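*Asks:*
There are 2 protein chains.
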Amino acid sequence: MPYPMEGLPHQVTIYEVGPRDGLQNESAIVPVEVKAEFIHRLADAGHKVIEATSFVHPDWVPQLADAGELLARLHRKPGVRYPVLVPNLRGLDRALELQADEIAIFASATETFAAKNLNRSLESQFDMFEPVVARALDNGLKVRAYVSMCFGDPWEGPTPVKQVVAVGERLLGLGCHELSLGDTIGVGTPGHVTALIDAFRTPERLAVHFHDTYGQALSNTLAALEAGVTTVDASTGGIGGCPYAASATGNLATEDLVWMLHGLGIETGLDLGKLVSTSVWLAELLARPSPSRVVQALSKG
Amino acid sequence: MPYPMEGLPHQVTIYEVGPRDGLQNESAIVPVEVKAEFIHRLADAGHKVIEATSFVHPDWVPQLADAGELLARLHRKPGVRYPVLVPNLRGLDRALELQADEIAIFASATETFAAKNLNRSLESQFDMFEPVVARALDNGLKVRAYVSMCFGDPWEGPTPVKQVVAVGERLLGLGCHELSLGDTIGVGTPGHVTALIDAFRTPERLAVHFHDTYGQALSNTLAALEAGVTTVDASTGGIGGCPYAASATGNLATEDLVWMLHGLGIETGLDLGKLVSTSVWLAELLARPSPSRVVQALSKG
């Protein structure tokens, strides 16, 4: 029985990052046919957007070196989008060649993380994104932009709201259709979320991407929904994190998010039972229990 | 740097349940001197209310059979309250004898749980509470009342809001100064929290007691704060649960709550560093890691 709450949206799109952000950070080697089955299961559970893989160079992300083969194996379900992560023009060319239907690029909100993750300055990162976004748009692909470290980073402390907005508005200006605001190290709290979202002129083009490092992911999500956001990133069973940030662990688990949304009477189109059984199946393959509380609770005997 | 959020209180009282609700559900046998040190550490970290132990019969809760000895050993810090759980007149007499300064009684919001936990009906439980509360008040003790299964129970499904309000108002009518609304099996979501709190005429006399079984404890807490609640139950390191409800696990961790509150600029009077080091110390003694995400994140090397 749902209990709606005033001021919240009636429908939320969950942008599922498990196959990319999740598996990218697992030490287990997952065979390409298992990855394909994982994605097929997610589509069968009702997901409408599943980030499938990444064309970052395999030296950096060996877990996803099979990106091309995976895309070729995928049975794409009509009405489902399968974006892929793309770092540069070379990655975009591969994505185009393999008929990806949407791409995602990743930017930094802080100087230090831009240097460490992109080998660029906060300013010069846009020189890298501009031709990628332009060529993607020319080829009819939609482009999502991730912004990392929107709430703080391990070196500079809290990230000023104005600085995140400046980075985000430039990415939207390039033609990206959606910005995913990432709390890469999980330090944010609800008032910070509200302040950041309110500082953008276009909340309907924002998504949020929370990590549960300090247990704040779901309450921050609630604050984001209250501020008008309707797209939330989450990872099946809570797998994943950020490999380049020492204290970063755990994306928000899709199942924990779905429990809250369905309890609030918010439509997601998702079948929670199928999600949980997919996480149980995946946890066995990864040989570690899912960090999702809902998966733990519902998979008990 | 705090980021306040409109409509939230400036100060929150954390009612710490670790020594009672936490340890009562641990299989490890904790020596009485360790329990005393635990409570002394919590007071030193700034807690103003610490539920110390329980006078439930040791056949039911053998972990707290040393309640009398513990109270005798306690160095009570001025300004700190140390309530004890009391099931009946016999328990109250022991609490009075040992100079407890405050007691807590526990009621059920559902028929089935009243039968299982209290061996009473929903109606007849009040016959048990009435003389306990009356004698406690006569002796100058304040009485808190817990209400279990306020959001659902494992047998009857969701608990009707009206039913919880009826139980709660009767307990307040007996003279209890505070009601702690418990989501004993952790199924609640934020809209349900709002609906329940709004249905009471006296939100200032309410506390909330959330379990993290489905990962909802902190977002439910945010909803409770937005609805005007200023007292939140939590357990050091997230230890504890309810031994009589199969799927019930994990109280909200004090540290995860404090992270959110301090991030929101809400005063708690607590020193997070001292709380974390207490949880690390306790986890070693209990020989299992703390389920608190903040403790896990901050205690990494």
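In order, the protein sequences belong to chains H and L. Read in order, the letters of the first sequence are residues 27 to 327 in this note's numbering. Read in order, the letters of the second sequence are residues 27 to 327 in this note's numbering. Ideal Cβ placement from N, Cα and C applies to all residues, glycine included. Quick caveat, the model's predicted, so the values are computed rather than measured.
Smallest Cα separation from Glu252/H: which of His237/L, Met175/L, Glu195/L, Pro216/L?
*Replies:* It is Pro216/L.
*Asks:* Assign Ala98/H to one of two classes, buried (16 or more other C-beta atoms within 10 Å of its C-beta) or exposed (fewer than that).
*Replies:* Exposed.
*Asks:* Does the separation of the CB atoms of Val110/L and Ala126/L fall below 8 Å?
*Replies:* Contact flag set, yes.
*Asks:* With DSSP as the reference, label Leu312/L as helix, strand or coil.
*Replies:* Note: Leu312/L maps to helix in three-state DSSP.
*Asks:* Using 10 angstroms around the beta-carbon of Ala313/H, count the other beta-carbons present and answer buried if the total reaches 16, otherwise exposed.
*Replies:* Burial call: exposed.
*Asks:* When you compare the CB positions of Val158/H and Leu115/H, do they come within less than 8 Å of one another, or not?
*Replies:* Yes, these two residues count as a Cβ contact at 8 Å.
*Asks:* Would you identify the three-state DSSP class for Arg227/L, choosing helix, strand or coil?
*Replies:* Arg227/L falls in the coil class under three-state DSSP.
*Asks:* Enumerate in chain order the residues of its own chain whose CB-to-CB distance from Thr138/H is below 7 Å, with the five nearest sequence positions on each side excluded.
*Replies:* Excluding sequence neighbours, Thr138/H sits near Asp179, Trp181, Glu182.
*Asks:* Using beta carbons (cut-off 8 Å, strictly below), is Asp238/H in contact with chain L?
*Replies:* It does: the Cβ of Asp238/H has a partner Cβ on chain L nearer than 8 Å.
*Asks:* Leaving out five residues before and five after Leu122/H in sequence, what residues of the same chain have Cβ atoms less than 7 Å from its Cβ?
*Replies:* Contacts found: Asn165.
*Asks:* Which bits of chain L does Leu290/H rub up against, with CB to CB less than 8 Å?
*Replies:* Per Cβ cutoff of 8 Å: Thr215, Pro216, Gly217.
*Asks:* Alpha carbon to alpha carbon, how far is Arg196/H from Tyr240/L? Give it in angstroms, no decimals.
*Replies:* Distance between the alpha carbons of Tyr240/L and Arg196/H is about 38 Å.
*Asks:* Would you mind telling me which residues of chain H sit closer than 8 Å to Asp282/L, beta carbon to beta carbon, in chain order?
*Replies:* The contacting residues are Tyr240, Gly241, Gln242.
*Asks:* On the three-state DSSP scale, how would you describe Leu118/L?
*Replies:* Helix.
*Asks:* Here's a check: name, in chain order, each residue in its chain whose Cβ is nearer than 7 Å to the Cβ of Pro30/L, leaving out the five neighbours to either side.
*Replies:* Once the five neighbours on either side are set aside, the close Cβ partners of Pro30/L are Leu290, Gly291.
*Asks:* According to DSSP, is Arg170/H helix, strand or coil?
*Replies:* Strand, per DSSP.
*Asks:* For Thr228/L, count the other beta carbons within 10 Å of its own beta carbon; 16 or more makes it buried, fewer makes it exposed. Which is it?
*Replies:* Exposed, because fewer than 16 other Cβ atoms sit within 10 Å of the Cβ of Thr228/L.
*Asks:* Alpha carbons only, please: which of Thr39/L, Glu310/L, Gly264/L, Lys326/L is nearest the one belonging to Pro317/L?
*Replies:* The candidate whose alpha carbon is nearest that of Pro317/L is Gly264/L.
*Asks:* Can you tell me whether Glu59/H is helix, strand or coil according to DSSP?
*Replies:* Helix.
*Asks:* Apply the 10 Å Cβ neighbour rule to Pro269/H and answer buried if 16 or more other Cβ atoms are within range, or exposed otherwise.
*Replies:* Bear in mind that a pLDDT of 43 at Pro269/H, under 50, signals an unreliable position, so the model cannot answer this.
*Asks:* So with CB distances below 7 Å, who are the chain L contacts of Val320/H?
*Replies:* Simply Tyr240, Gly241.
*Asks:* Can you give me the start and stop residues for the alpha helix (DSSP H) that Ser245/H sits inside?
*Replies:* Ser245/H -> alpha helix (DSSP H) spans 243–252.
*Asks:* Does Pro30/H come within less than 8 Å of chain L when only Cβ atoms are used?
*Replies:* Yes, contact with chain L.
*Asks:* Here's a check: name, in chain order, each residue in its chain whose Cβ is nearer than 8 Å to the Cβ of Lys61/H, leaving out the five neighbours to either side.
*Replies:* So the qualifying residues of the chain are Pro45, Leu49, Thr79, Asp92, Leu96.
*Asks:* Given this structure, state the Cα-to-Cα distance separating Thr304/H from Phe64/H, to the nearest angstrom.
*Replies:* Computed Cα separation, rounded: 7 Å.
*Asks:* Give the interface partners of Ser245/L over in chain H, defined as CB-CB distance under 8 Å, in chain order.
*Replies:* The answer, in chain order, is Leu244, Ser245, Thr247, Leu248, Met286.
*Asks:* Give me whichever residues DSSP pairs with Phe132/L in a beta bridge.
*Replies:* The partner list for Phe132/L (beta bridge, DSSP) reads Tyr172/L.
*Asks:* Express the C-alpha separation of Ala140/L and Arg146/L in angstroms, rounding to a whole number.
*Replies:* Going by the C-alpha atoms only, they are around 5 Å apart.
*Asks:* Three-state secondary structure (DSSP) at Ile76/H?
*Replies:* Note: Ile76/H maps to strand in three-state DSSP.
*Asks:* Anything in chain L within Cβ reach of Pro184/H, meaning under 9 Å, just list it in chain order.
*Replies:* Those within 9 Å of Pro184/H in chain L are Met27, Tyr29.
*Asks:* Less than 8 Å between CB atoms is the rule here; does Ala130/L satisfy it with respect to chain H?
*Replies:* With 8 Å as the cut-off, Ala130/L does not count as an interface residue toward chain H.
*Asks:* Among all the DSSP beta bridges, which residues are the ones paired with Asn277/H?
*Replies:* Asn277/H pairs with His237/H.
*Asks:* May I ask you to report which of helix, strand or coil DSSP gives Ser53/L?
*Replies:* Reduced to three states, the DSSP call for Ser53/L is coil.
*Asks:* Which residues of chain L have a Cβ atom closer than 8 Å to the Cβ of Thr136/H, listed in chain order?
*Replies:* None at all; the shortest Cβ gap to chain L is about 15 Å.
*Asks:* When you compare only the Cα positions, how much space is there between Val187/L and Leu167/L?
*Replies:* Distance between the alpha carbons of Val187/L and Leu167/L: 29 Å.
*Asks:* Who pairs with Asp259/L in a beta bridge, going by DSSP?
*Replies:* Asp259/L is bridged to Tyr41/L.
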